[in-house]
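Counting along the sequence shown from 1, when you hit position 39 you're at 38 in numbering that gives the first Met the number 0, and nothing is skipped either side.
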Amino acid sequence: MANESNVPSNFKGAGVVSAENELAAVVLQYGTADIMVSNGFSESQAGPTLFAPSVQCNYIPATAGQTAELAIQNASSGNVQITLRLFRAGDPTVQPAAVNLAPGKSHFFNVASILGGACNNWLGSATVTATGGNIVGTVITRYSKTNQAFSSEMVASGGSVLYFPTFQYEYAPPVRFNTNIALQNTSSSSSIIVCAEYFGASGKQGQTVQKNLGPLGKDSLRSNELGIPKGSLGAATVRAYAGGTCAAPGAAANTFVAVMNQFALGDVKRVTSYTGFVGGANNIAFPFSNWSPSSTALDTFFAVQNVSGATANITVNFYKSDGSLLSRQFNGVPAGSKVNPRISDLPGIGANGNWSGAIEVISNRAVVGLGTVQPGNLSQLASYNGIPFTP
Numbered sequence: 000m001a002n003e004s005n006v007p008s009n010f011k012g013a014g015v016v017s018a019e020n021e022l023a024a025v026v027l028q029y030g031t032a033d034i035m036v037s038n039g040f041s042e043s044q045a046g047p048t049l050f051a052p053s054v055q056c057n058y059i060p061a062t063a064g065q066t067a068e069l070a071i072q073n074a075s076s077g078n079v080q081i082t083l084r085l086f087r088a089g090d091p092t093v094q095p096a097a098v099n100l101a102p103g104k105s106h107f108f109n110v111a112s113i114l115g116g117a118c119n120n121w122l123g124s125a126t127v128t129a130t131g132g133n134i135v136g137t138v139i140t141r142y143s144k145t146n147q148a149f150s151s152e153m154v155a156s157g158g159s160v161l162y163f164p165t166f167q168y169e170y171a172p173p174v175r176f177n178t179n180i181a182l183q184n185t186s187s188s189s190s191i192i193v194c195a196e197y198f199g200a201s202g203k204q205g206q207t208v209q210k211n212l213g214p215l216g217k218d219s220l221r222s223n224e225l226g227i228p229k230g231s232l233g234a235a236t237v238r239a240y241a242g243g244t245c246a247a248p249g250a251a252a253n254t255f256v257a258v259m260n261q262f263a264l265g266d267v268k269r270v271t272s273y274t275g276f277v278g279g280a281n282n283i284a285f286p287f288s289n290w291s292p293s294s295t296a297l298d299t300f301f302a303v304q305n306v307s308g309a310t311a312n313i314t315v316n317f318y319k320s321d322g323s324l325l326s327r328q329f330n331g332v333p334a335g336s337k338v339n340p341r342i343s344d345l346p347g348i349g350a351n352g353n354w355s356g357a358i359e360v361i362s363n364r365a366v367v368g369l370g371t372v373q374p375g376n377l378s379q380l381a382s383y384n385g386i387p388f389t390p
């Protein structure tokens, strides 16, 4: 966008992309100290209410100072009024005045400005409601101590099962990547339980962990709670029920949303976030992918999880920007487990090659996928969700 003559410098807003045929798109934003990758939204992803399971304000002030900003765009053809509500356990609801938005326009809610003096080690969740139409939104979280940032998409509806194709517990020492899942109940009247499971290369490992969420309640699931060994790199599945226990659950509850936060212990610069997947598809696309031996160039790593109930055969097609195609096959992937296709493993690429293009995943079973963008020196992280498409 910086090369577009009609976009002014210091621009802060929203955009709309249209095409005659189906497309997949992400937004890559970068500065001197941070990288963010955000998914584009289709019309079907817009809704009158959006949910954000993880919202922070000067959180962990001594080392990070994480503070969120919610970017909301009007996805309707007429004006809408939007209202933000912030929730923290034990605190009253904070509800700022409504904001009017014209079609296509956006508004940025700065959580620090809204909370004022209450913005200190604040961790909670949020909803944004629209009167008169549908909206889409992204949560942008910045670190006051390091000028880093990461983002995740808000969602318009929940699900009874959410999938997370990357789940780590002190993986890759001395960096030691860990993951927390922020859980939110979207129902304002009913409580739910959620049950989390970890899957390694051969299937389920560790123990099932239960969390209880009241109406519009929030909780967190940490990687050290699942009984898996340090160094684990796998995937997670979280299911929601209307009551009971994980051993004897009630009916499935479609009022559950969640965001995964991935971070490196002791290094707040290496953090990223992504929204849990409600369901899978047989075809998913990754519009941005890159590989270079340079320590400062952006590399992309992928995780593809089999979210069906049977073994999957997965084909990954790598389309280079010059139109050439290379493919890799992953057969016999167990239900719930994942694979990590790497550009550097392609024939003719290797550790010293350069590659830039897009990736297509085709499977005989439903899958979800995550793309993680980072420099070769692992100094920063940014993730985006693979996008389902119809071939």
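We treat Cβ as the ideally placed atom computed from N, Cα and C, and that holds for glycine.
For this session: With Ser-380 as the anchor, note down where its alpha helix (DSSP H) starts and where it stops.
Result: The sequence shown places Leu at residue 380, not Ser. First-last for Leu-380: undefined, no H or E at that position.
Exercise. Rounded C-beta distance between Phe-149 and Ala-381? I'm assuming under 8 Å.
Worked result: 7 Å
For this session: May I ask which residues mark the beginning and end of the alpha helix (DSSP H) holding Leu-114?
Result: 110-114
For this session: Quickly, what does DSSP pair Asn-211 with across the bridge? List them, please.
Result: Ile-192
Exercise. With DSSP run on the structure shown, which of helix, strand or coil describes Ala-117?
Worked result: helix
Exercise. Which whole-angstrom value describes the C-beta separation of Glu-152 and Ser-37, a residue pair presumed to lie in contact below a C-beta threshold of 8 Å?
Worked result: 7 Å
Problem set entry | Host beta strand (DSSP E) of Glu-68 (start-end) | 65-73
For this session: Please list, in chain order, all residues of the same chain as Ser-156 whose beta carbon is under 7 Å from its beta carbon, the five residues on each side excluded.
Result: Gly-46
Exercise. Roughly how many angstroms lie between the CA atoms of Arg-87 and Gln-55, to the nearest whole one?
Worked result: 10 Å
Problem set entry | Reduced DSSP secondary structure (H/G/I, E/B, other) of Asn-281 | strand
Problem set entry | Separation of Val-26 from Phe-10, as counted between CA atoms | 15 Å
For this session: Return helix, strand or coil for Glu-21, following the three-state DSSP convention.
Result: coil
Problem set entry | beta strand (DSSP E) runs contained entirely in the segment 311-335, provided each spans 3 or more residues | 311-319 and 324-332
For this session: Scan the segment 92-179 and note each continuous beta strand (DSSP E) run of 3 residues or more that stays entirely inside, going in chain order.
Result: 98-100, 105-109, 121-130, 134-142, 148-152 and 160-168
For this session: With distances taken Cα to Cα, identify the nearest neighbour of Ile-59 among Met-35, Gly-278, Ser-112 and Tyr-142.
Result: Tyr-142
For this session: Examine the Cβ distances between the segment 284-299 and the segment 206-215 and report whether three or more of them are shorter than 8 Å.
Result: no
Problem set entry | Alpha carbon of Thr-126 to alpha carbon of Asp-344, nearest angstrom | 42 Å
Exercise. Would Lys-229 be called buried (16 or more neighbouring beta carbons within 10 Å of its own) or exposed?
Worked result: exposed
For this session: Pull up the CB-CB distance for Ser-294 and Ala-241, whole angstroms please, since I reckon it's below 8 Å.
Result: Ser-294 to Ala-241, Cβ: 50 Å. No contact.
Exercise. Does DSSP put Asp-218 in a helix, a strand or coil?
Worked result: strand
Exercise. For Leu-161, which residues of its own chain have a beta-carbon under 6 Å away from its beta-carbon, when the five flanking residues on both sides are left out?
Worked result: Val-237, Ala-257 and Gly-275
For this session: For Ile-342, name the three-state secondary structure that DSSP assigns.
Result: helix
Exercise. In this structure, does DSSP put Asn-353 in helix, strand or coil?
Worked result: coil
Exercise. Helix, strand or coil: which one does DSSP assign to Ser-43?
Worked result: helix
Problem set entry | Cutoff 7 Å; reference Glu-21; Cβ partners in own chain excluding five residues on either side | Phe-388 and Thr-389
Problem set entry | Range of the contiguous beta strand (DSSP E) that encloses Tyr-58 | Note, Tyr-58: premise wrong, no beta strand (DSSP E); not H, not E.
Exercise. If you check the beta carbons only, do Pro-95 and Ile-113 fall under 8 Å apart?
Worked result: yes
Problem set entry | Straight-line Cα distance separating Val-360 from Pro-333 | 17 Å
Problem set entry | Nearest-angstrom Cα separation, counted from Arg-341 out to Pro-374 | 15 Å
Problem set entry | Gly-12 to Gly-243 span [Cα, whole Å] | 45 Å
Problem set entry | Rounded distance between the beta-carbons of Leu-225 and Ala-195, thought under 8 Å | 7 Å
Exercise. What did DSSP end up calling Asn-305 once you bin it into helix, strand or coil?
Worked result: strand
For this session: Spell out the partners DSSP gives Val-16 in its beta bridges.
Result: According to DSSP, which records beta bridges pairwise, Val-16 is partnered with nothing at all.
Exercise. Roughly how many angstroms separate the alpha carbons of Ala-302 and Ser-186, rounded to a whole number?
Worked result: 31 Å
Exercise. Is the beta carbon of Gln-80 sitting closer than 8 Å to the one on Ala-97?
Worked result: yes
Exercise. Between the C-alpha atoms of Arg-84 and Val-93, what's the straight-line distance to the nearest angstrom?
Worked result: 6 Å
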